[in-house]
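Here the structure is laid out as structure tokens; the discussion comes afterwards.
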Amino acid sequence: MTDLTGKVAVITGAASGIGASGVEVFVEAGAQVVAADLQDDKGAALVARFGEDKVAYQHCDVTDMKALEALMQSAVDTFGGLDILWNNAGSGGTSSSVEELDLDGYSFTMDLLLKSVFAGTHFAVPHMKARGGGSVINTSSISAVCAGYAPITYSVAKKAVAHFSKLAAAELSKHQIRVNAILPGFIATSIFGASLGLPREQADQMAEMVAQAGGAMQPVGRTGKGEDIANMAAFLSSDAAGFVTGGEFVVDGGITVGPPHSWNEQLGGPILDALGITPEQAEQMAEAMRGGQGS
Ligand SMILES: NC(=O)c1ccc[n+]([C@@H]2O[C@H](COP(=O)([O-])OP(=O)(O)OC[C@H]3O[C@@H](n4cnc5c(N)ncnc54)[C@H](O)[C@@H]3O)[C@@H](O)[C@H]2O)c1
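Below is the structure:
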């Protein structure tokens with residue numbers, strides 16, 4: 026198991042989904058965690074569950090620069106320092122297309138997903154330097170590498186998050202601060218419902234539906250769980266990953282290995298699909314042709 030004993034972590038977007046799993050996994054690994062979010066009731070529940078000596082909750086809108094700076098300071102004030110920052114807060118952002126161009130939505134989405142990562146890292150650096158180093162994890166997405174998984178503005182922001190991680194890794198290596206990006210695939214969280222504008226309670230229920238339905242979409246045959254991502258984040262935060270920086274880690278159940286027919290032999294593939302021929306029909310045709318050659 027990953028060992029984070031003695032380390033202090035800040036996790037943003039920690040009240041729900043991937044971030045909430047992060048709190049659980051990090052605490053189990055021995056870390057003390059400042060959980061930051063907008064959902065104060067869920068944040069308070071985390072503190073009640075794990076205890077004040079393990080988890081502190083800080084209300085923080087990651088698009089608010091003063092709040093973000095105060096968040097990093099709160100780790101020092103509460104637990105004596107800052108070793109790990111997981112920039113994870115997010116939502117789907119604007120769904121507008123290139124042709125629609127919703128500029129306000131664009132700015133909001135970029136502030137939430139990209140500026141928060143840049144600035145959060147900035148505010149964490151002095152505290153990590155004081156500890157002799159640290160680890161920054163940034164939640165990107167497979168939408169950074171493939172079209173079709175998320176809206177365009179979100180996907181561009183997540184690509185930038187991954188590239189920021191690489192460049193920041195280079196810049197901050199002199200301070201023994203490692204920076205890595207995780208690219209999750211489909212993880213059953215309330216982000217899908219929340220991004221549709223559903224109230225949180227309904228969005229949470231939709232996470233269950235995603236968990237039930239998503240398995241067929243990926244080679245491993247199940248939808249991702251928050252802990253799948255949290256386990257990677259914990260490893261990247263640990264001393265066992267001391268040689269790992271500037272990396273982009275895809276954690277997606279294999280969904281990006283190739284199109285579904287590459288791993289699901291029930292499917293015919295793009296040529297048969299274009300010709301309107303099912304795999305069974307193709308097999309029958311091949312059989313008939315083999316029979317014809319033999320006679
Ligand atoms: N679920 C997936 O399939 C998936 C895939 C790829 C990437 N991601 C990314 O993972 C991260 C976590 O998302 P999730 O799936 O756990 O969703 P989630 O909705 O369960 O959790 C996101 C959390 O971020 C918080 N948040 C939103 N805006 C905030 C703000 N301005 N300040 C502070 N907190 C804010 C929300 O309140 C929520 O608790 C996001 O960055 C998301 O883009 C998710």
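Residue 146 in my numbering is what sits at position 121 of the sequence shown, and the numbering runs on without skipping anything. Note that CB positions come from ideal geometry on N, CA and C, so glycine has one too.
For the pair V276 and A169, the Cα-to-Cα distance works out to about 13 Å.
Sorted by chain position, residues whose beta-carbon lies closer than 6 Å to a non-hydrogen atom of ligand 1 are T37, G38, A40, S41, G42, I43, G44, D62, L63, Q64, C85, D86, V87, T88, N113, A114, G115, S116, L137, T164, S166, P209, F211, I212, T214, S215, I216, A219.
Straight across, the Cα-Cα distance linking G105 with M26 is about 25 Å. When rounded, the separation of the alpha-carbon atoms in A95 and S141 is 13 Å.
E273 carries a strand assignment under DSSP once its states are collapsed to helix, strand and coil. Under the three-state reduction of DSSP output, V80 falls in the strand class. According to DSSP, I212 shares a beta bridge with G249. By a beta-carbon distance limit of 8 Å, V50 contacts E252. Their separation comes to about 6 Å. The alpha-carbon of S41 is positioned some 57 Å away from that of M314.
Taking a contact to require three or more Cβ pairs closer than 8 Å, the stretch 144 to 162 and the stretch 119 to 133 do not qualify as touching. When Cβ pairs closer than 8 Å are counted between the two stretches, the stretch 84 to 104 is seen to touch the stretch 46 to 66, the count reaching three or more.
Take L71, set aside five residues on each side of it, and the residues of its chain with a beta-carbon closer than 8 Å to its own are A39, A40, A45, V48, A60, V80, Y82, in chain order. Scanning its chain for C-beta atoms nearer than 8 Å, with the 5 sequence neighbours on each side dropped, one finds around V269 the residues R203, N205, L261, in chain order. Assignment of T37 by DSSP, reduced to helix, strand and coil, places it in the strand class.
Within the same chain, S215, G218, A219 come within 6 Å of A228 by CB-CB distance, once the 5 residues on both sides are set aside. Per DSSP, the beta-bridge partners of W111 are I36, I162.
For V58, the enclosing beta strand (DSSP E) begins and ends at 57 to 62. Note on L110: 16 or more other CB atoms within 10 angstroms of its CB, so buried under the neighbour-count rule. Burial check for L139: the Cβ neighbour count within 10 Å reaches 16 or more, so the residue is buried. Every beta strand (DSSP E) stretch that sits fully inside the stretch 142 to 209 and reaches 3 residues is listed by chain position as 159 to 164, 202 to 209. In the three-state scheme derived from DSSP, where H, G and I count as helix and E and B as strand, L221 is classed as coil. Between Q201 and G271, the beta carbon gap of about 14 Å keeps them out of contact (Cβ cut-off 8 Å). Annotation: the continuous alpha helix (DSSP H) that includes K91 extends over 90 to 104. Taking 8 Å as the cut-off, the Cβ atoms of G279 and G249 do not count as close.
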